[in-house]
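For reference, each letter of the sequence shown is one residue, going -18 to -1, 1 to 548 in mature numbering (1 follows the signal peptide of the UniProt record, and there is no 0).
Think of the CB as a built atom: it goes at the ideal place given N, C-alpha and C, for glycine as much as any other residue.
Structure first, commentary second.
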Amino acid sequence: MMRSIALAIVCALVPSCAGGPSSSGAPAAESTSSGGESITNVQEQGVDEGGIVKMHGEHLVVLRRGRLFSVDLAGGSMRQISATNAYAPGHHAADWYDELLIHGDTIVVIGFSYRDSATEIGLFEIDGRGLIAHRGSFQLRSNDYFSSRNYASRLVGDRLVLYVPHYLGYVQGDGSFDRSFPALRAVGGSWSSIEGPVHASLAPRDGYAVLHTVVMCELGQRDALGCRAQGMVGPAGRTFYVSRDAVYVWISDAPHTQEGGVPTDAMVYRLPLDGGATGAVRAWGAPIDQLSFKEADDGRLHVLVRGNGHGDAMWAPEQRAGALALASIPLGAFVSDGRALDVATYRAMPQVDGSGALTNRFVGDWVLYGTGDAWGWGQARGGSVYAASWRHGGPAYRVDLGHDVERIEVMGRGAVVVGRENEGLAFSSIALDGGVQPVDRYVLRNASQGETRTHGFFYRDDGEGQGVLGLPVRGGNESGWHQLWHGSASVFFLRVSAQRFTPLGGLASGDAHLDDHCVASCADWYGNARPIFWRGRVFALLGYELVEGRVVADRVEETARLVLRP
């Protein structure tokens, strides 16, 4: 029997959330998150994801090592306006501030405090001049939401969507738990309990239960922050995905130890964004990460699963276990009592070679997957990418690439697959019209990815099969771990024409060493480099450096450089 709890978060718990913070009377600018040009490589169009850089009108806003920066880009300029703490005034700073979203004139910063064991939501105001001021902050008692691949927050229209876990401990004989449920407070205030314990809907095999909570806050009103939440109790494994219509949480039990043995038990929840009733299905296996999902126009949720996966918490996506299958779940199957899926819902997929981490992505009518080693667990081995049509069925295709599969991205009507090979970092284009066909390959010698997250990549689609892609890169022998403490060497650009590549070179770091006296978020868990395409201009964010370039013939040339001052 499916159980859920309703949690209420009210503005009264955040006394400062009703006031306007700005000391300026300047009119506010329109946020790109409210319908303008996006600079973030998102999974679903219309669903923004918490990142480290966003646009507000003509101002670039950057979240970096516990600080918020704004840069004026008006009139072809590049001028720093603000630098302020990403946390409440007077609040201790020994926390992580990870994700940034902008709605209208409101900046939302999502962070986590190990000291308080709480997820923090910070609200800031940005005015038309780019000045940033703190508006209010509150904390939800929880455990860390971190994932090596996923993002904890989304923005859909006026709605902020946030996932947080809360480890309840071991289930007692009477069905209760040995730890309390979450509580809420304004930063620096007193905790207010939210709800008492409930029975688990899917009993964990190891007896250790987790409350998986989805928080939804309406950001459309300036003078109030109204939030609601639902919690789902079950095993620890989880994967969080948001479409334009619903939030999904796939909760999976502890994986079985035997490779290819009994698949992991799972429960999948669907929370409609329109306020409709929550539904669930009983399933097996676990997705690799959020990119394993696609809520499609055929009325189904398509999910690539592995038999003994354990969701996307921490570094769980980097571990491989179990057979692969594509589950195609009718949206009508999500009902209140969580009925088991029919075995026909699953379609077996070819197994991959090698021992690297799985990477996957839905591109058009296809799901693509393969293995790579972006975090540097081993050596580049060469490999293949597999593609199967979720819309038309039929056999899956195998395309031999000769390089690892570390990243799969949408590139116009096709895909680009990025991964290391013996001589450097390879880019392979895949056409997906009427079949699966490799088109071109480019190798950037003595290079590796500088960023492993999806937001590290961006493809500017110029139409008619034309575009430009950007990706941070570093030296060829450096692993993904370097992104946590060291900047990328440059952002590399490729021109794309009919799926064929022309190298444009890169915008390089000037290796500016700043003593920023960092007191919060002093490791770059979400990376520090991004390609940025905005209104025909090209930028590279490289740590504290913002470099602008222009494409001249077949080269990108630096035109300006700004060092952000903390």
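(Q) Excluding the 5 residues flanking Gly406 on each side, which residues of the same chain have their C-beta closer than 6 Å to its C-beta? (A) Apart from the 5 residues on each side of it in sequence, Gly406 sits with its Cβ closer than 6 Å to the Cβ of Val425, Leu426, Arg427, Asn428, Ala429 and Gly458 in its chain, given in chain order.
Q: Give me the Cβ distance between Ser119 and Tyr79, rounded to the nearest whole Å; I'm assuming they're in contact under 8 Å.
A: That pair is no contact at about 11 Å.
Q.
According to DSSP, simplified to helix, strand and coil, what is Thr484?
A. Secondary structure of Thr484 (DSSP, three-state): strand.
Q.
From the DSSP secondary-structure annotation, give me the bridge partner or partners of His284.
A. Lys276 and Ser310, per the DSSP bridge assignment.
Q. Do Tyr368 and Pro332 have their CB atoms nearer than 7 Å?
A. Taking the C-beta atoms as reference points, Pro332 is found nearer than 7 Å to Tyr368.
Q: Quick one: grab the DSSP three-state call for Thr436.
A: Of the three classes helix, strand and coil, the one that applies to Thr436 here is helix, per DSSP.
Q | Three-state secondary structure assigned by DSSP to Val53 | A | Strand at Val53.
Q) What is the DSSP secondary structure of Glu403, counted as helix, strand or coil? A) Strand, per DSSP.
Q: Since I believe Gly401 is in contact with Glu391 (beta carbons under 8 Å), could you give me their beta-carbon distance rounded to a whole number of angstroms?
A: Actually they do not touch by this definition, with Cβ atoms about 12 Å apart.
Q) On the three-state DSSP scale, how would you describe Glu446? A) Coil at Glu446, not helix or strand.
Q. So the beta strand (DSSP E) Ala369 belongs to, where does it begin and stop?
A. Per DSSP, the unbroken beta strand (DSSP E) holding Ala369 starts and ends at Ser366 to Ser371.
Q: Would you mind reading off the limits of the beta strand (DSSP E) that contains His85?
A: First-last of the beta strand (DSSP E) with His85: Trp78 to His85.
Q.
Considering just the uninterrupted stretch of the beta strand (DSSP E) at Ala191, what are its terminal residues?
A. Where Ala191 is concerned, the enclosing beta strand (DSSP E) stretches over Tyr190 to Glu200.
**Q.** Length of the line joining the Cα atoms of Asp30 and Arg329
**A.** Spanning the two alpha carbons is a distance of roughly 30 Å.
Q: At 3 residues or longer, and completely inside the segment 89 to 174: list those beta strand (DSSP E) runs for me, N to C.
A: Within the segment 89 to 174, the complete beta strand (DSSP E) runs of at least 3 residues are 100 to 108, 114 to 123, 135 to 138, 141 to 152 and 165 to 168.
Q) For Val325, does the three-state DSSP call read helix, strand or coil? A) Reduced to three states, the DSSP call for Val325 is helix.
Q: Report yes if the CB atom of Ala268 is closer than 7 Å to the CB atom of His292, and no otherwise.
A: Taking 7 Å as the Cβ cut-off, Ala268 and His292 qualify as a contacting pair.
Q.
Using a Cβ-Cβ cutoff of less than 6 Å, which residues in the same chain neighbour Arg477 once the five nearest sequence positions on both sides are dropped?
A. The beta carbon of Arg477 lies closer than 6 Å to those of Val450, Thr484 and Leu486 in the same chain, with the five residues before and after it left out.
(Q) Please report whether the beta-carbon of Glu200 lies at a distance below 7 Å from any beta-carbon of chain D. (A) Of the protein chains in the structure, only one exists, and it is not chain D.
Q. For Gly28, which residues from the same chain have a beta carbon less than 6 Å from its beta carbon, with the 5 sequence-adjacent residues on both sides left out?
A. Non-local C-beta neighbours of Gly28 in its own chain, meaning closer than 6 Å and more than five positions away in sequence, comprise Arg226, ordered along the chain.
Q. What does a CB cutoff of less than 6 Å around Arg482 pick up in its chain, not counting 5 residues either side in sequence?
A. For Arg482, where only same-chain residues beyond five positions count, the Cβ hits under 6 Å are Asp422.
(Q) Only counting the same chain, and skipping five residues up and downstream in sequence, which positions put a Cβ closer than 8 Å to that of Asp536? (A) If we look at Asp536 and ignore the five residues flanking it on each side, its Cβ neighbours are Arg477, Thr484, Pro485 and Leu486.
**Q.** Assigned secondary structure, Leu544 (DSSP; H/G/I helix, E/B strand, else coil)
**A.** Secondary structure at Leu544: strand, using DSSP grouped into helix, strand and coil.
**Q.** Residue span of the beta strand (DSSP E) that contains Ala265, given as start and end
**A.** Unbroken beta strand (DSSP E) run through Ala265: Gly261 to Trp266.
Q. Is Gly531 helix, strand or coil when you go by DSSP?
A. Gly531 falls in the strand class under three-state DSSP.
Q. Going straight from the alpha carbon of Gly257 to that of Ala211, what length do you get?
A. Answer to the nearest angstrom: the Cα atoms are 11 Å apart.
Q) Since Lys36 and Leu105 are thought to touch, with beta carbons under 8 Å apart, how far apart are those beta carbons, to the nearest angstrom? A) Rounded, the Cβ-Cβ distance is 15 Å, inconsistent with contact.
Q) Cα separation between Thr341 and Glu530? A) Approximately 31 Å, taken between the alpha carbons.
Q) DSSP puts Ala295 in a beta bridge; with which residues? A) Looking at the DSSP assignment, Ala295 forms no beta bridge with any residue, so it has no partner.
**Q.** Residue from Leu528, Phe515, Tyr526 and Phe275 whose Cα sits closest to the Cα of Phe439
**A.** Comparing Cα positions, the closest option is Phe515.
Q | Candidates Glu527, Ala511, Leu306 and Ala262, of which the one nearest Ile21 by Cα | A | Checked all of Glu527, Ala511, Leu306 and Ala262; the closest Cα to Ile21 is Ala511.
Q) CB-CB under 6 Å to Val520, same chain, minus the five flanking residues each way: which ones, in chain order? A) Within the same chain, Val520 has close Cβ partners Gly531.
Q | Separation of Ser366 from Arg380, as counted between CA atoms | A | The alpha-carbon of Arg380 is positioned some 7 Å away from that of Ser366.
Q: Could you tell me whether the segment 406 to 420 touches the segment 489 to 502, using the rule of 3 or more Cβ pairs below 8 Å?
A: Counting Cβ pairs under 8 Å, fewer than three are found: no touch.
Q: Have a look at Thr88 and Asp140 and give me their C-alpha separation to the nearest angstrom.
A: A direct Cα-to-Cα measurement between Thr88 and Asp140 gives close to 11 Å.
Q: For the beta strand (DSSP E) holding Trp348, just list the boundary residues, first then last.
A: Boundaries of the beta strand (DSSP E) harbouring Trp348: Trp348 to Gly354, taken from the DSSP string.
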